[in-house]
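Protein chains in written order, with our numbering: chain W, 298 to 431; chain Y, 298 to 431; chain R, 227 to 516; chain V, 227 to 516.
Glycine included, every Cβ here is placed at the ideal spot set by N, Cα and C.
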Amino acid sequence: MLDREVIQSRGFRNVAVNGQAVGFEVAVRLPYYRGIWLSQLRPGHLSVDGEEIREADISWIVNGTAYPQKDVTKHGDVHWFLLDTAVLSVKKKGGLAQGLHDVALDFTWSASYMPPSMDTGFGTRPQKRRLAIV
Amino acid sequence: MLDREVIQSRGFRNVAVNGQAVGFEVAVRLPYYRGIWLSQLRPGHLSVDGEEIREADISWIVNGTAYPQKDVTKHGDVHWFLLDTAVLSVKKKGGLAQGLHDVALDFTWSASYMPPSMDTGFGTRPQKRRLAIV
Amino acid sequence: MDPKKTRGIRRGVSLYSYSGEYGVTMALEDMFKDIRDLGCDGLEILANAHVPGYPKPTGAWVAEWHRLIRKYGLRPVEYGHWIDSRRYPGRELTTEESVAGLIVDIKLAAKLGFTVMRTKMGVISDDLDPVANWREIIKGALPTAKRYGVVMCPEIHNPTLLDSRMVREYVDFIRETKTKHFALNIDFGVMMHRTWRFPGMSHDVVMKYSPVSDLKPLLPYVAVCHAKFYEVDDDFNETYIDYPAILELMKKERWSGYLLSEYEGLKDQPGRASDQLRRQHVLMKRVLGR
Amino acid sequence: MDPKKTRGIRRGVSLYSYSGEYGVTMALEDMFKDIRDLGCDGLEILANAHVPGYPKPTGAWVAEWHRLIRKYGLRPVEYGHWIDSRRYPGRELTTEESVAGLIVDIKLAAKLGFTVMRTKMGVISDDLDPVANWREIIKGALPTAKRYGVVMCPEIHNPTLLDSRMVREYVDFIRETKTKHFALNIDFGVMMHRTWRFPGMSHDVVMKYSPVSDLKPLLPYVAVCHAKFYEVDDDFNETYIDYPAILELMKKERWSGYLLSEYEGLKDQPGRASDQLRRQHVLMKRVLGR
Ligand SMILES: [Mn+2]
Ligand SMILES: [Mn+2]
């Protein structure tokens, strides 16, 4: 099953290329009651230990494919199923140090059945979790 | 998944024969970290709304077969798997009335790897739950 | 199976009720077991919550779906889905795009055995007015709905009132087109006489609601209902919605179809939805007699 | 794969660690994902907790088991099982009955790919003395263990001390029989220098413990260890057991094999076991260098 928290414990790890850490990943679940098209997603902020990550360094991995964060709203044919995690994949030379990190993030999404004034009223709560890079 | 509580919500129901309620059933999980042979089981007391049920009226259904409570220790070849519920099947004319009932029960089991003085030291906590007969 | 042809009022459950548990403490089969244990058979899913690989599940999953439906003796009643009109930022879906998506859902609903669809349309006002081209969208999909034997239903949901322009327009559409493939889903929340205070909300939002009697003239156009509820107490009274009044009216009017429980109360405490559903079904059985 | 032949000290996890979550918030595959995420591959199961249909799982389940093991790149290391000597009230299992059950487990362990067995024997005293006929039981199963390529291990668990008659008798048995199919599982709890207070217990039970140095002469007879732990703090120190001292000794002595994490701390808070396992593996990696 998934963690109840939006930020998942499983999947928090460095990503290496040829043995060199080039970034890290953190997995999130969708705190909603149905899946969404990727184009409905409205990414917010992501920070680790209080340091904000630049949007240009973030991709969202959905169904095994990575989409640069700035492009997610273009993908109206990619479906993020409710029980699948999405992975925020972050470019960062050397990755994160082994040990505990404070991860904070938020994101919302468009809900067309709500009045336009409340279009992105879901999911605005900031998510925080302290997790270990093993 | 199972309810965390020992007494499960699913499975609390009357049992009818030819349209006449002849008893009721309540399902329990094993609050242990491994399954047991039925012969290790030590049934305790079962009451509904404070009224004690006689042992002669209770059977335990494990793997689809009902065993009279007084005989469970004879069945060393029947395995109660950790993720399966056992059903306490109770003979009671007319069953239970529709509505809420307070179910209380306890049971322990033999653990041979503990000193003989602590053989049935597990599971002694009384279990209580208020459940609805639909 | 056309639920309108099923004799009498039948009970069922929308899997929405378990949304605080699904994926965290309950899987699909757990919810099926729960529903069977209520002594009812009606089932609503939300397609993009409960169909892995939506909108194109694998054949293996579809086979597993039918196996589970048979195993637990359930009847797929309502397929909940959305036309996300604001699917792309900055523009509304065209009629053609909307119809195309709707046809995908109709085919999938039928493949899974559903006969009613809760077709949630995009909204353009605070009063929940649907997109201006809703008639064109529905008309574009009616032939497919007919071919696949499903009824599309907008959901009449608070703050919409039963006696309102919007509902009259839907009824007029049904009358004018004489279609059997577009009807209403009434969410009992429109008759909520006391306001539910969401956890964390500091004050009640005052909401208008419809008297139960306003349901009567609509019943011939109602294919299915969301038996919305918040809290059933130890005496089997729903605190916010007058179930006996609603169900007695429906019995008297000889309405036939499924009441699909939609639990909307506190969801983050494991086991609470299941317990509340059991209580609500006691309440409904007492009035319905079965 | 004989773990004693695997070069160096390797990390793994006993599924026992998740016993507060298994069946309630985690299924088998969730635990596999968790372990893979720790960057290790060693796995211990408890046969009668993790094998549905134990002791006779279906062929379909065995195939699924191997599919999951491959999918997550895991290595079945230790098969935890019990000889329940008090299986029937009022009498102890005979040697023949015990051997027969043991042989069933050996075959199942091998079928699932395990090479080590944590063979928990019945106990007859407060000092955890095993049943009087333990030598006959093990001897009766040794030919089968050899044929199926598994090593049976009693678990040296507190309050037993490393320097004790019981452990000496196990070592003597290994020397006398010259067997490669009986060895020791050391549970690190025997070196617990501070006493864990179980929730609800009003006072500490004072327990004797072994100095880490007592582990050294036993290492040649140790096939696998339970890396028992209770609480790893924010600075990656285990509060009750001196991991650096134990692991440095094992490195220095060039012990090879698997350390299987056994989380024994608070288990009823979802997510806590996973978090604690991650912390413990940071701690172990820091000392082991991998
Ligand atoms: Mn509704
Ligand atoms: Mn141990």
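In terms of residues, what are the limits of the alpha helix (DSSP H) holding residue i?
i: Gly-403/V; result: Sequence check: residue 403/V is Thr here, not Gly. Thr-403/V -> alpha helix (DSSP H) spans 391-403.
i: Asn-359/V; result: That residue, Asn-359/V, is in no alpha helix (DSSP H); it is neither H nor E in DSSP.
i: Ala-471/R; result: 469-478
i: Phe-258/V; result: 254-263
Specify, as a first and last residue, the run of the beta strand (DSSP E) that residue i falls within.
i: Leu-503/R; result: Looking at the DSSP string, Leu-503/R is not in any beta strand (DSSP E); the run it does join, the alpha helix (DSSP H), is 498-514.
i: Leu-338/Y; result: 338-345
i: Pro-365/Y; result: 362-365
i: Asp-413/R; result: 410-413
i: Gly-234/R; result: Segment: none, Gly-234/R is in no beta strand (DSSP E) and carries neither H nor E.
i: Asn-384/V; result: Segment: none, Asn-384/V is in no beta strand (DSSP E) and carries neither H nor E.
i: His-452/R; result: 448-455
i: Ser-243/R; result: From DSSP, Ser-243/R is part of no beta strand (DSSP E); its letter is neither H nor E.
i: Ile-358/Y; result: 355-359
i: Phe-321/W; result: 317-325
i: Arg-310/Y; result: 310-314
i: Cys-379/R; result: 377-379
i: Tyr-489/R; result: 483-489
Mark residue i as exposed unless 16 or more other C-beta atoms lie within 10 angstroms of its C-beta, in which case mark it buried.
i: Asp-263/R; result: buried
i: Lys-454/V; result: buried
i: Val-431/W; result: buried
i: Met-343/V; result: buried
i: Pro-229/R; result: Residue confidence is low: Pro-229/R scores 46 on pLDDT, short of 50, so the model does not pin down where it sits. No coordinate-derived value is stated.
i: Trp-287/V; result: exposed
i: Met-510/R; result: buried
i: Gly-320/Y; result: buried
i: Asp-260/R; result: buried
i: Gly-361/Y; result: exposed
i: Glu-490/R; result: buried
i: His-352/R; result: For the record, residue 352/R in the displayed sequence is Asp; it is not His. When all chains shown are included, Asp-352/R counts as exposed.
i: Ser-414/Y; result: exposed
i: Met-227/R; result: At Met-227/R the pLDDT is 44, less than 50, meaning the model places this residue with poor confidence; the figure from the coordinates comes in the next sentence. Label assigned to Met-227/R: exposed.
i: Asp-374/W; result: exposed
i: His-276/R; result: buried
i: Gly-249/V; result: buried
i: Asp-300/Y; result: buried
i: Asn-359/V; result: buried
i: Thr-320/R; result: exposed
i: Gly-307/R; result: The identity of residue 307/R in the sequence shown is His, whereas the question assumes Gly. Per the 10 Å Cβ criterion, buried.
i: Arg-236/R; result: buried
i: His-292/V; result: exposed
i: Lys-367/Y; result: exposed
i: Asn-274/R; result: buried
i: Pro-423/Y; result: exposed
Any heavy atom of ligand 3 closer than 7 Å to the Cβ of residue i?
i: His-307/V; result: This structure lacks ligand 3; the ligands present are ligand 1 and ligand 2.
Around ligand 1, which residues pass a check of Cβ closer than 5 Å to any of its heavy atoms?
Asp-413/R, His-452/R, Glu-488/R
Enumerate, from N- to C-terminal direction, the unbroken beta strand (DSSP E) stretches of 3 or more residues contained entirely within the stretch 381-424 of chain Y.
383-388, 396-406
Would you list, in sequence order, the uninterrupted beta strand (DSSP E) runs of no fewer than 3 residues that lie entirely inside the stretch 273-343 of chain V?
301-308
Any contact between the stretch 376-384 of chain R and the stretch 438-453 of chain R? By contact I mean 3 or more CB pairs, one from each, below 8 Å.
Contact between the stretch 376-384 of chain R and the stretch 438-453 of chain R is present: 3 or more CB-CB pairs across the two stretches fall below 8 Å.
Spell out a yes or no on whether the stretch 296-305 of chain V and the stretch 480-491 of chain V are touching, meaning 3 or more CB-CB pairs, one atom from each, closer than 8 Å.
yes
Stretch-stretch touch, CB-based, cutoff 8 Å, three pairs: the stretch 319-336 of chain R with the stretch 363-375 of chain R:
yes
How about the stretch 334-341 of chain W and the stretch 350-360 of chain W: do they share at least three Cβ pairs that are nearer than 8 Å?
Contact holds: three or more Cβ-Cβ distances are below 8 Å.
Can you confirm whether the stretch 306-315 of chain W touches the stretch 279-297 of chain R when touching is taken to mean that 3 or more C-beta pairs between the two stretches lie within less than 8 Å?
no
Counting pairs of Cβ atoms below 8 Å between the stretch 306-319 of chain V and the stretch 417-425 of chain Y, do you hit three or more?
no
Can you find at least 3 beta carbon pairs, one from the stretch 408-426 of chain V and one from the stretch 437-447 of chain V, that sit closer than 8 Å?
Judged by Cβ distances under 8 Å, the stretch 408-426 of chain V makes contact with the stretch 437-447 of chain V, as three or more pairs qualify.
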